[in-house]
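> Protein chains in written order, with the working numbering: chain Y, 1 to 201; chain C, 202 to 406. We put the CB at the ideal spot given by N, CA and C, even for glycine. Only a predicted model underlies this, so the values are computations on that prediction, with no experimental measurement involved. Sharing a structure here in structure tokens format.
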Amino acid sequence: MESNSDLKAVAAPVERAAAIEMALTSRGVATVEDLAERVHLADEVWLPERGARVVAKAWTDPVFRTRLLANGKSAVAELGIELPAHHRHLVVLENSHEVHNVICCTLCSCTALTVIGLPPDWYKDLEYRARVVRDSRTVLREMGLDLPAETQVRVWDTTADTRYMVLPLRPAGTDHWSESQLATLVTQDSMIGVARALEAK
Amino acid sequence: MDGVHDLGGKQGFGAVGHGPQAKVFHSDWEKRINALYAIAVRQGIFNMDEYRHAIERMEPRHYMCASYYERTLTSLATLCVEKGVVTHAELETLAGGLFPLARALGTGRTNVPNRSSYNPGDWVRVRDLYVSGHVRLPSYIRGKVGRVIAVSPPYPFPDAQAHGVQAQDEPTYDVQFHSHELWSDAADDALVHVGVFESYLEPLT
């Protein structure tokens, strides 16, 4: 690949990002509107609050929960949540007192981003990708989730275009809570499986 | 390819940088690059497998030191240069400095002929598979034995898709491995589930 020999220092990422953006917008590959639309989706639409609605509905509506566990993609579509075309399958992993599920992507950082939100920095970091699949219980404990010895840990490595989300346990003391109240207890961490849902206050 | 991206089970890493300060993006350019690569995919300039493979093809020291969105940026730029959308020289002029790209593309491959299909409950062995191009087989399951739990719809075969090679779509199998099958005694007790393409598996005989 040719490169300009009089340029010595590597440009900062922000400069390289501006360069490729300028090159693509000047050719009409991406328009200002396209960019604004995609930034809007990331900032305002693909948020963990979407997944929280799914979890809260599953906690309160057993028939929906059954549909969600049978076919995640069609069940979340009932709530107006679409997956990208290449995510052909959404598998919802239900936690219980016996089984705790946690998701990761060791090869890159795949996530059900339109449902549980774009992944946070630590999910994409080398430490989480390298360690959670092998030292799951240790990593979860370090992250503040100390599981009982009798709870089995299941780690889900997102190596293909099937996507996963965890259905956390419903917190105690929420029997009469509405769906929207319950949704406030559902964090992104709990849908990745590195935390429980928040406790009722 | 056996690249440094294949991190599952690698040892020596410290604590996960987890906490209330966790963020998706750390600056505006990261958001814009995340948008731009998705637009390029939608425009058909490259597909997701080409995108992932161009990240894996980054020079290993660059890969390990780059932030997540610097890897996105490098893959996007590499593919736009390789596809003839822009030149490397133009990017370096616009950036006002060197613009490191990923290394050259290796060779892809099509589906394994006469592969078997499996049902939930079947025991399978992951092939002892080494390829020079893109593959979605994490090395920690290579040669290992697990049990099929579920079957996904067919997906484009990544080993072919990343290289412009023709192939049939294949289902992936949700294969459950015991952590001690994967790493003997040097692992926490757990079940590890991996989505494994049909061509990566063989019947357990």
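Step through the CB atoms of chain C and report whether any lies within less than 8 Å of the CB of A19(Y).
Position 19 of the first sequence, counting from 1, holds the residue named residue 19(Y). Closer than 8 Å to some Cβ of chain C, the Cβ of A19(Y) qualifies, so yes.
> Hey, out of A305(C), R328(C), R304(C), whose CA is closest to V313(C)'s CA?
In the second sequence, the residue the question calls residue 313(C) occupies position 112. Ranking the options by Cα distance to V313(C), first place goes to R328(C).
> Determine, using beta carbons only, whether Q181(Y) comes closer than 8 Å to chain C.
Counted from its first residue, the first sequence places residue 181(Y) at position 181. With 8 Å as the cut-off, Q181(Y) does not count as an interface residue toward chain C.
> For a contact defined as C-beta to C-beta under 7 Å, what are the partners of T162(Y) on chain C?
Within the first sequence, numbered from 1, the residue matching residue 162(Y) stands at position 162. Near T162(Y) (Cβ distances below 7 Å), the residues of chain C are S353, T373, G396.
> In the DSSP assignment, what residue or residues form a beta bridge with R348(C)?
As a first step, residue 348(C) is located in the second sequence; it is residue number 147 there, counting from the start. R348(C) is bridged to W324(C), Q377(C).
> Along chain C, in chain order, which residues have C-beta atoms closer than 9 Å to that of E142(Y)?
What you label residue 142(Y) is simply residue 142 of the first sequence in a count that begins at 1. Per Cβ cutoff of 9 Å: A216, V217, H219.
> Just the C-alpha distance for E257(C) and E15(Y), rounded to the nearest angstrom, thanks.
One-based indexing of the second sequence puts residue 257(C) at position 56. One-based indexing of the first sequence puts residue 15(Y) at position 15. Computed Cα separation, rounded: 22 Å.
> Looking at chain Y, which residues of the stretch 315 to 334 of chain C have a Cβ within less than 9 Å of any of its Cβ atoms?
Listed in sequence order: no entries.
> Measure the beta-carbon distance from P48(Y) to M191(Y) and round it to whole angstroms, keeping in mind my assumption that it falls under 8 Å.
Along the first sequence, one-based indexing puts residue 48(Y) at 48. Along the first sequence, one-based indexing puts residue 191(Y) at 191. Sure, about 7 Å apart at Cβ, within 8 Å.
> Secondary structure at H335(C), three-state DSSP: helix, strand or coil?
Here residue 335(C) is taken as the residue at index 134 of the second sequence, counted from 1. Looking at H335(C) - three-state DSSP - the assignment turns out to be coil, as it is neither helix nor strand.
> Establish whether the CB of C266(C) and some CB of chain Y are separated by less than 8 Å.
Residue mapping note: residue 266(C) aligns to position 65 of the second sequence, counting from 1. Taking Cβ atoms only, chain Y never reaches closer than 8 Å to C266(C), which makes this a no.
> Is DSSP giving G173(Y) helix, strand or coil here?
In the first sequence, counting from the first residue as 1, residue 173(Y) sits at position 173. The answer is coil: DSSP assigns G173(Y) none of H, G, I, E or B.
> What first and last residue would you give for the alpha helix (DSSP H) that runs through R343(C)?
Within the second sequence, residue 343(C) is the residue found at index 142, counting from 1. Per DSSP, R343(C) belongs to no alpha helix (DSSP H) and is neither H nor E.
> Can you find the residues in the same chain that come closer than 8 Å, C-beta to C-beta, to H263(C), ignoring five residues on each side of it along the sequence?
Against the second sequence, residue 263(C) aligns to sequence position 62. Cβ within range, chain order: T275, P301.
> Could you give the DSSP three-state label for N101(Y): helix, strand or coil?
Residue numbering aside, residue 101(Y) sits at position 101 when the first sequence is read from its first letter. Here N101(Y) sits in strand by DSSP.
> Between which two residues does the alpha helix (DSSP H) containing G51(Y) stretch?
Translated into the one-based positions of the first sequence, residue 51(Y) becomes position 51. Note, G51(Y): alpha helix (DSSP H), 48 to 60.
> Please tell me whether G347(C) and V366(C) are closer than 8 Å, where the distance is taken between their beta carbons.
Start at 1 with the first residue of the second sequence, and residue 347(C) comes out as number 146. Start at 1 with the first residue of the second sequence, and residue 366(C) comes out as number 165. In this structure, V366(C) does not lie closer than 8 Å to G347(C) by Cβ.
> Tell me whether M165(Y) sits in a helix, a strand or coil according to DSSP, three-state version.
If you number the first sequence from 1, residue 165(Y) lands on position 165. Note: M165(Y) maps to strand in three-state DSSP.
> By alpha-carbon positions, which one of G28(Y), L113(Y), R38(Y) ends up nearest to W230(C)?
Taking the second sequence and counting its residues from 1, one reaches residue 230(C) at position 29. Measuring from the Cα of W230(C), the nearest candidate turns out to be R38(Y).
> Return the residues of the stretch 87 to 117 of chain Y that lie within a Cβ-Cβ distance of less than 7 Å from chain C, sorted by chain order.
Cβ contacts with chain C come from R88, H89, T106, L107, C108, S109.
> Note down, in chain order, every chain C residue with its Cβ under 9 Å from the Cβ of R53(Y).
As a working mapping, residue 53(Y) is identified with position 53 in the first sequence. Here the premise fails: no neighbours, minimum Cβ distance about 19 Å.
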